[in-house]
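Quick note on numbering: the sequence shown equals residues 0 to 506 in numbering that gives the first Met the number 0.
Don't be surprised by glycine CBs; every beta carbon is placed ideally from N, CA and C.
Below is one structure, written out as structure tokens; comments come after it.
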Amino acid sequence: MTTVVVVGSGIAGLTAALHAAENGCRVTVVTKGALHDTNTRWAQGGVAAVTDPADTVASHANDTMTAGAGLNDPAAVDVLVGEGPQRIAEMVARGVAFDRAADGEFARGLEAAHAVARVLHAGGDATGAEIQAALGAAVRSAGIVVREHALLRDLVLRDGRVAGIDLDGGERLDADAVILATGGAGQLYAHTTNPAGATGDGIAAALRAGAAVADLEFVQFHPTALAVGAPFLVSEAVRGEGATLVDDAGRRFCFDAHPDGELAPRDVVARANARAMAAQNGHPVRLDATALGAQRLAARFPTIDAAVRERGLDWAREPIPVTPAAHYLMGGVVTDLDGRTTVPGLYAAGETARTGVHGANRLASNSLLEGAVFGARAGDAVARGGDAGTGRRPAVAPVAEPAPEPAVEPAADAPVFSRAALQQLMWAEAGLVRDASGLDRAAGVLAAWSAEHAPRSIEDANLLLVATHVVAAARARGVSVGAHFRSDAPDAETPASTPLPQEALAC
Ligand code: SIN
């Protein structure tokens, strides 16, 4: 019987675990928090999928490719949108109660850069929490072993293939195959919508094991995190329902950047927000949802409504302050369409993986779908054998990346390392807007920190390693594309005459 360890317990990890177990594998899920303590649980907007006869997979594929600036792998996009409806049906069968309209059909929301309303949601804006609960219950009742509060220290390599994992604390779990589904690395940045656990653990472990990574320069910044109190996402679905973004003068500025205004692709809106903030001395822009009314806001967005009110704001009466924040990593561990990495025995799925499905920028609400579709494929692949326990069949070839820039010398004036210093550095130099001199500075500071022999927590070491690769990738890609915006090489969307000042980003 194939023994599989799945690291991570969000939608990708649990779907992979269920598929592997249902296909006869002995599966253990390892997670560093509680089973439900995941990025998935925080997801508000929903799951994009073609469930309406009036919609088409071609339309969903087109929107996905447009958001990704055409850098997507079309085969991965076809898999995502083509298998999406099947995974939705499977989630429903596992107990996910997507919201329904009066006629019993799925209620479908509109989000930015979608041609039609195709985003399914649950509990209004508690989609991730609903999915997490249902999949967690399914994993428990399938008899899958769950190891909570168990932090991955490293992958175990034996004869050139992954043969298990070591946990913090010294315990070793042997496995024929390991599936990494640890999510992204939002904690690289001073402002993020991600929970504290998003420290790039799987990507860092894969790097140490010699796996190829790609597209790490493509970090998505969400346009609207609450700018008051602890970071909190205000879903794009709020704009999908008609909320607008206004500056201090009450002017809707998003149309300056794109004809779709507030529903333009996410990177366009995020930069429009940052630009408007710069023009008002860093003061947050405002999301005006007053037209929706108190009743509709509370019913459709109960989670956001509570968070807004906890902060002493009444969004039914006045616009609320919002700011961009790091949200999602399009790059990651290179995989084929079945989750195989370049290291035999090692698989990755969800935000940890780079399938090429998102290109340079992810379409709204394609992330839960990605976790379900590619998690299922990874679980099925380990069960089929693939390379698990059967030798050395290497998987996917590394993706062609821009030629790396020459390495920089470690900075002599690097500040003392701390998590906060790393996050500030990344926000200032490798955030929404980048340029050669800022990226070179970041590379120098990261090199200095990496050369130190200082004791660091596993998570801090992981963040430092992933940051180094994000900055290297951003230095190498000397053009602006999708979420990777270089002020020294502006694209057509932001003319050279209106560069984004760095001060805009220091909120
Ligand atoms: C949101 O609800 O705005 C986030 C959904 C996503 O990241 O796709």
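Nearest to residue 250 by alpha-carbon distance, out of 124, 266, 279, is 279.
With contacts defined as CB atoms closer than 8 angstroms, residue 220 and residue 482 qualify as a contacting pair. Setting aside the 5 residues that flank it on each side, residue 171 is surrounded in the same chain by 155, 163, 164, 165, each with a C-beta closer than 8 angstroms to its C-beta; the list follows chain order. The alpha carbon of residue 411 has as its nearest neighbour, out of 451, 384, 402, 405, the alpha carbon of 451. Per the Cβ contact rule, the segment 47-57 is not in contact with the segment 66-76 (fewer than 3 Cβ pairs under 8 angstroms). Straight through space, the alpha carbons of residue 299 and residue 123 are spaced by roughly 5 angstroms.
Rounded to the nearest angstrom, the gap between the Cα atoms of residue 443 and residue 425 is 12 angstroms. Proximity of the segment 14-30 to the segment 319-335 falls short of the contact definition, fewer than three beta-carbon pairs being nearer than 8 angstroms. Looking at the DSSP output, residue 220 shares a beta bridge with 325. CA-to-CA, the gap between residue 364 and residue 46 works out to about 5 angstroms.
The way I'd put it, the segment 455-462 does touch the segment 199-211; three or more beta-carbon pairs between them come closer than 8 angstroms. Residue 151 sits in a strand when the DSSP states are folded into three classes.
Here the alpha carbon of residue 297 sits roughly 54 angstroms from the alpha carbon of residue 159. With respect to the C-alpha of residue 343, the residue from 277, 476, 176 having the closest C-alpha is 176. With contacts defined by Cβ atoms closer than 8 angstroms, residue 137 and residue 99 do not form a contacting pair.
If you draw a straight line from the Cα of residue 356 to the Cα of residue 66, it comes to about 11 angstroms. Checking the DSSP bridge columns, you'll see residue 107 partnered with 119.
Under the three-state reduction of DSSP, residue 163 is assigned to strand. Taking all protein chains shown into account, residue 408 has fewer than 16 neighbouring C-beta atoms within 10 Å of its C-beta and is therefore exposed.
Residue 354 and residue 37 have their C-alpha atoms some 21 angstroms from each other.
C-alpha of residue 457 to C-alpha of residue 152: approximately 7 angstroms in a straight line. A Cβ-Cβ separation of about 5 angstroms places residue 239 in contact with residue 108 under the 8 angstroms criterion. In this structure, DSSP gives residue 113 a state outside helix and strand, which the three-state scheme calls coil. For residue 444, the enclosing alpha helix (DSSP H) starts and ends at 435-450.
Looking at the backbone, the Cα of residue 21 and that of residue 449 are separated by about 43 angstroms. Under DSSP, residue 333 takes part in a beta bridge, and its partners are 353.
Of all alpha-carbon atoms in 467, 431, 454, the one lying nearest the alpha-carbon of residue 445 is that of 467. Here the C-alpha atom of residue 471 lies approximately 42 angstroms from the C-alpha atom of residue 141. Residue pairing by DSSP places residue 47 opposite 118 in a beta bridge.
When the five nearest sequence neighbours on each side are left out, the beta carbons in the same chain lying within less than 8 angstroms of the beta carbon of residue 197 are those of 38, 182, 183, 184, 185, 186, 191, in order along the chain. The beta-bridge partner set that DSSP reports for residue 173 consists of 163. Taking 8 angstroms as the upper bound for CB-CB distance, residue 143 and residue 16 are in contact here, some 5 angstroms apart. Residue state for residue 143 is assigned as coil, using DSSP reduced to three classes. The beta carbon of residue 189 sits closer than 6 angstroms to the beta carbons of 422, 423, 426 from its chain, once the five residues preceding and following it are set aside; these are given in chain order. In the DSSP secondary-structure assignment, residue 483 is bridged to 480.
Relative to ligand 1, residue 44 has its C-beta within less than 7 angstroms of a heavy atom.
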